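First up is the structure itself, then whatever we jot down about it.
Below, the structure written as structure tokens:
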């Protein structure tokens with residue numbers, strides 16, 4: 001099967017995207033006849049770059065491509081569709097659970113979708129404390145359960161013994177719905193069947209699994225996030241990718257590991273709880289942004305992202321043994337311009 005995907009290759013030199021993490025980015029399209037041919041192409045050119053960000057590679061091929069490139073390259077290889085989505089989702093999810101008076105370790109989670117983003121989101125949540133037996137992942141056939149014999153190895157990680165077979169079954173008493181599938185798949189009836197203070201991350205773009213208007217009309221206690229910028233609580237990968245690479249590049253990390261992903265998620269989670277500067281509020285045309293049901297995830301134009309995320313990722317790389325340089329003398333970064341002081 002032909003594999004075609006954009007390859008974003010950030011160099012460690014800093015001259016572009018000053019508004020974000022000051023990383024030069026080269027977009028390279030790779031068309032190949034097989035995943036292995038794609039891997040071989042990327043591996044051969046990897047020595048030119050400080051890191052590689054993979055985009056738009058479907059599951060399950062994306063898992064093997066990323067795993068193999070991580071093993072064969074001495075620079076960070078990061079599939080943003082997987083990990084960027086997972087990091088931002090985890091940050092917002094943990095904050096939403098706190099507001100709802102619930103714990104990740106006890107939360108019953110329904111995941112609508114079983115592709116690259118969905119599997120990676122659930123894996124990161126498990127790494128941060130969620131229980132596999134509390135996760136009900138749903139693909140085109142229905143609930144992924146231990147009795148199915150049609151699961152690939154990636155879906156099978158979330159198969160457990162349950163008598164639930166449909167989305168409606170899984171939603172009964174659920175604390176969290178994560179939609180990474182398609183539009184209008186969460187009905188008002190399904191939302192009404194969820195537990196008190198339900199958390200809904202309807203991330204299908206441009207049309208979510210349920211609109212915020214319908215969700216709030218159905219349940220006054222719902223905590224809602226989408227992938228769209230015109231609603232509160234946008235799950236946007238730009239909160240992670242540039243700053244994760246900034247931290248990884250500045251300590252010459254050999255890879256981006258789970259410890260670094262968790263550190264980035266925690267940094268985002270904690271940033272949402274801090275007072276928001278006036279310039280950020282002005283940028284979004286609001287008087288104030290305060291931690292709560294309509295502000296569980298930082299805004300993409302928050303200049304503090306480069307400070308907290310890059311710093312957390314760099315420290316995690318050092319502590320987990322994948323950094324080849326010590327903690328940078330110019331850290332923590334106070335602005336994108338500080339990158340030039342390194």
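Numbering (UniProt numbering), first residue to last: 1 to 342.
Cβ atoms here follow ideal geometry from the backbone N, Cα and C, with glycine treated the same way.
Note that the coordinates shown come from a computational prediction; the quantities given were computed from them, not determined experimentally.
ask   = What residues match up with residue 62 in a beta bridge as DSSP calls it?
value = Residue pairing by DSSP places residue 62 opposite no residue, since no beta bridge is assigned to it.
inquiry  = Considering Cα atoms alone, identify which of 63, 69, 172, 325 is closest to residue 47.
reply    = Among 63, 69, 172, 325, the Cα nearest to that of residue 47 belongs to 69.
query = Roughly how far, in whole angstroms, is the beta-carbon of residue 222 from the beta-carbon of residue 109, given that I think they are within contact range, below 8 Å?
reply = With 8 Å as the limit, residue 222 and residue 109 do not qualify as a contact, their Cβ atoms being about 15 Å apart.
inquiry  = Ignoring anything shorter than 3 residues, give me the beta strand (DSSP E) runs that lie fully in the segment 22–74, in order along the chain.
reply    = Uninterrupted beta strand (DSSP E) stretches at least 3 residues long and entirely within the segment 22–74 occur at 25–32, 52–54, given in chain order.
Extent of the continuous beta strand (DSSP E) run through residue 343 = For residue 343 there is no data in the structure shown, the boundaries of the chain being 1 and 342.
task = Inspect the beta-carbon positions of residue 78 and residue 54 and report whether they are closer than 8 Å.
result = In contact: residue 78 and residue 54 (Cβ atoms closer than 8 Å).
key: Inter-residue CB distance, residue 289 and residue 276 (contact presumed, cutoff 8 Å)   = Contact check for residue 289 and residue 276: beta-carbon distance about 4 Å, within the 8 Å limit, so the pair qualifies.
query = Secondary structure at residue 100, three-state DSSP: helix, strand or coil?
reply = It is coil, neither helix nor strand.
query = Is the segment 282–296 touching the segment 253–263 in the sense that three or more CB pairs, one from each, lie closer than 8 Å?
reply = The segment 253–263 is not in contact with the segment 282–296.
ask   = Is it a yes or a no for the segment 290–303 touching the segment 119–137, going by three-plus beta-carbon pairs under 8 Å?
value = In this structure the segment 290–303 does not lie against the segment 119–137, because fewer than three pairs of beta carbons, one per stretch, are closer than 8 Å.
ask   = Do you know offhand how far residue 91's Cα is from residue 82's?
value = Straight-line Cα distance between these residues: approximately 15 Å.
key: Exposure label - residue 44; buried when at least 16 CB within 10 Å   = By the neighbour-count rule (16 or more Cβ atoms within 10 Å), residue 44 is not buried but exposed.
ask   = Is DSSP giving residue 201 helix, strand or coil here?
value = DSSP, reduced to helix, strand and coil, places residue 201 within a strand of the structure shown.
query = From residue 163 to residue 141, what distance separates their C-alpha atoms?
reply = Approximately 14 Å, taken between the alpha carbons.
message = Is it buried or exposed, residue 156, if we count other Cβ atoms within 10 angstroms and call 16 or more buried?
response = Flag for residue 156 reads exposed.
Secondary structure, alpha helix (DSSP H): runs of 4+ residues fully inside the segment 109–180 = Complete alpha helix (DSSP H) runs here, min 4: 116–127, 153–156, 167–171.
key: Nonlocal neighbours in the same chain, by C-beta distance under 6 Å from residue 210, ignoring five residues either side   = Same-chain partners within the cutoff: 186, 202.
key: Rounded C-alpha distance that separates residue 64 from residue 208   = Roughly 29 Å between the two C-alpha positions.
Inter-residue spacing [alpha-carbon to alpha-carbon] between residue 311 and residue 270 = The straight-line gap from Cα to Cα measures roughly 13 Å.
task = Could you say which of 170, 99, 205, 190 lies nearest to residue 214 if we only look at CA atoms?
result = Closest option to residue 214, Cα to Cα, is 190.
task = Excluding the 5 residues preceding and the 5 following residue 280 in the sequence, name in chain order all residues of the same chain whose CB lies nearer than 8 Å to its CB.
result = 289, 299, 301, 302, 303.
ask   = Smallest Cα separation from residue 234: which of 251, 205, 247?
value = Selected option, being the one with the closest Cα: 205.
query = Can you tell me whether DSSP reads residue 234 as helix, strand or coil?
reply = If DSSP states are grouped into helix, strand and coil, residue 234 belongs with the strands.
query = For residue 116, is the classification buried or exposed, using 16 other Cβ atoms within 10 angstroms of its Cβ as the cut-off for buried?
reply = Of the other Cβ atoms in all chains shown, 16 or more fall within 10 Å of the Cβ of residue 116; this residue is therefore buried.
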